[in-house]
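Visitor:
Number of protein chains: 2
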Amino acid sequence: MTDALSDAAELTRAIRALIPIFEPMGLEVVEAERTSVAARLPVEPNVNHVGSVYAGSLFTVAEVLGGLFASTSLVLEGGVPLVKSLQIDFRRPASTSVVARARLTEDEIARILRDAEATGRGEFVLEAEVTDETGAVVATTRGTYQLRRL
Amino acid sequence: MTDALSDAAELTRAIRALIPIFEPMGLEVVEAERTSVAARLPVEPNVNHVGSVYAGSLFTVAEVLGGLFASTSLVLEGGVPLVKSLQIDFRRPASTSVVARARLTEDEIARILRDAEATGRGEFVLEAEVTDETGAVVATTRGTYQLRRL
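In order, the protein sequences belong to chains A and B.
One point on numbering: in this note's numbering, the residue at position 51 of the first sequence is 147, and numbering is uninterrupted.
One point on numbering: in this note's numbering, the residue at position 136 of the second sequence is 232, and numbering is uninterrupted.
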């Protein structure tokens with residue numbers, strides 16, 4: 097296993113311990129880099145009334161990305177990531193497993209950490225795309241988060 | 097058990113069978129009227145990294161309301177409720193069980209059913225409030241749904 101893969105597997109275990117509902121959903125971290133994170137969900141435990149991935153599970157696989165950055169680059173002693181609001185647009189039904197991915201630039205990371213140090217709240221906006229196994233975009237999200245120093 | 101309570105319990109069983117992830121979340125229908133529906137979530141299985149109810153579970157307890165109306169008043173042969181987009185604002189952490197509630201007027205119900213019959217898509221906007229056991233609003237949502245005739 098490469099370091100990157102072992103980091104992702106370790107982060108999967110850590111977030112499932114912190115937020116137990118991720119376990120029955122089968123939520124996995126598949127990328128945990130400083131500027132890019134991604135998470136994956138299988139269909140089966142998340143199936144809905146029309147045989148595609150349930151809206152709340154699509155929300156979750158995208159929402160969690162903001163928190164993952166607090167383990168990769170938005171690392172601050174006593175810092176906790178919190179989501180303040182999120183808009184999700186469902187583009188088409190997902191009938192396969194899905195991957196959500198989001199990116200932050202190094203400049204944005206530095207700015208968020210500076211704000212969190214200075215004021216206790218580093219606010220940031222994260223846009224994520226959720227794709228199915230064919231690469232089709234099934235949902236997009238725009239979330240506002242805070243890296244809070246508690 | 098009154099009819100209303102037995103309807104809610106029956107609908108809880110039905111939606112958990114259709115969308116299995118509701119079961120580990122402990123999602124329950126607590127009101128299933130023509131113009132008002134409500135759902136409830138306990139804290140324990142939905143706890144997050146700071147000891148309050150996870151954002152994705154708050155999303156779910158509110159999002160599901162649009163679908164519940166398809167069993168109470170938006171009843172159409174071959175009709176399926178789908179969520180198209182949803183904005184959620186997290187107002188404060190929820191450290192108790194939560195209830196989400198939404199209402200539709202009889203005029204709006206008639207309009208949605210007319211549109212679904214005529215065009216195959218009855219679109220509607222639902223605003224929901226999620227409250228904790230003290231009555232404090234922990235989240236608000238605004239979702240756009242379609243009653244689709246498949």
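We put the beta carbon where it would ideally sit given N, CA and C, even for glycine.
Verify whether the separation of the beta carbon atoms of residue 222/B and residue 176/B is less than 8 Å.
Guide: no
Visitor: Which same chain residues end up closer than 7 Å to residue 122/B when comparing Cβ atoms and leaving out the 5 residues on each side of it in sequence?
Guide: The answer, listed in chain order, is 137, 138, 141.
Visitor: Please list, in chain order, the residues of the stretch 139 to 158 of chain A that have any C-beta partner in chain B closer than 8 Å.
Guide: Cβ contacts with chain B come from 141, 142, 143, 144, 145, 146, 150, 151, 152, 153, 155, 156.
Visitor: Taking 6 Å as the limit between beta carbons, can you name the residues of its chain near residue 106/B, skipping five residues before and five after?
Guide: none
Visitor: Note down, in chain order, every chain B residue with its Cβ under 8 Å from the Cβ of residue 181/A.
Guide: 183, 184, 185, 186
Visitor: Give a yes or no on whether the minimum CB-CB distance between residue 114/B and chain A is below 8 Å.
Guide: yes
Visitor: Write down the C-beta distance between residue 183/B and residue 242/A rounded to the nearest angstrom, noting that I regard them as a contact closer than 8 Å.
Guide: With a Cβ gap of about 18 Å, residue 183/B and residue 242/A do not count as contacting.
Visitor: Short check: CB of residue 131/A to CB of residue 200/A, under 8 Å?
Guide: yes
Visitor: Express the C-alpha separation of residue 198/B and residue 191/B in angstroms, rounding to a whole number.
Guide: Roughly 21 Å between the two C-alpha positions.
Visitor: For a quick check, are the C-beta atoms of residue 214/A and residue 186/A less than 8 Å apart?
Guide: no
Visitor: Could you tell me which of 234/B, 133/B, 126/B sits nearest to residue 166/B, measuring between CA atoms?
Guide: 133/B
Visitor: What residue range does the beta strand (DSSP E) around residue 143/A cover?
Guide: Note, residue 143/A: premise wrong, no beta strand (DSSP E); not H, not E.
Visitor: At least one CB of chain B closer than 8 Å to the CB of residue 117/A: is that the case?
Guide: yes
Visitor: Tell me, to the nearest whole angstrom, how far the beta carbon of residue 154/B is from that of residue 234/B; I am working on the premise that it is less than 8 Å.
Guide: 7 Å
Visitor: I'd like to know whether the C-beta atoms of residue 181/B and residue 205/B end up nearer to each other than 8 Å.
Guide: Taking 8 Å as the Cβ cut-off, residue 181/B and residue 205/B do not qualify as a contacting pair.
Visitor: How big is the Cα-Cα spacing for residue 203/B and residue 210/B?
Guide: 11 Å
Visitor: In this structure, how does DSSP classify residue 237/A when only helix, strand and coil are distinguished?
Guide: strand
Visitor: Leaving aside the five residues before and after residue 238/A along the sequence, list all residues of the same chain whose C-beta is less than 6 Å from its C-beta, in chain order.
Guide: 183, 223
Visitor: Closest by CA to residue 172/A, which one among 208/A, 195/A, 115/A, 226/A?
Guide: 208/A
Visitor: Any residues in the stretch 191 to 211 of chain B with a beta carbon nearer than 9 Å to a beta carbon of chain A? Which ones, in chain order?
Guide: none
Visitor: Determine the contact status of residue 157/B and residue 113/B, defining contact as a CB-CB distance below 8 Å.
Guide: 8 Å or more divides the Cβ of residue 157/B from the Cβ of residue 113/B.
Visitor: Would DSSP call residue 103/A helix, strand or coil?
Guide: Three-state DSSP puts residue 103/A in a helix.
Visitor: Among all the DSSP beta bridges, which residues are the ones paired with residue 124/B?
Guide: Residue 124/B is bridged by DSSP to 136/B.
Visitor: Taking only beta-carbon atoms, is residue 171/A less than 8 Å away from chain B?
Guide: It does not: the Cβ of residue 171/A has no partner Cβ on chain B nearer than 8 Å.
Visitor: Under the assumption that residue 128/A contacts residue 103/A (Cβ atoms under 8 Å), give the Cβ distance between them as a whole number of angstroms.
Guide: 5 Å
Visitor: Between residue 148/B and the rest of its own chain, which residues show a CB-CB distance below 6 Å, the 5 nearest in sequence each way excluded?
Guide: 189, 190, 191
Visitor: Check residue 217/A in the structure and name its three-state DSSP category.
Guide: DSSP places residue 217/A in strand when its eight states are reduced to three.
Visitor: Output yes if chain A places a C-beta closer than 8 Å to the C-beta of residue 176/B; else output no.
Guide: yes
Visitor: Would you mind listing the alpha helix (DSSP H) stretches within the stretch 141 to 193 of chain A that are 4+ residues and don't spill past its ends, in chain order?
Guide: Within the stretch 141 to 193 of chain A, the complete alpha helix (DSSP H) runs of at least 4 residues are 151 to 168.
Visitor: On the three-state DSSP scale, how would you describe residue 130/B?
Guide: coil
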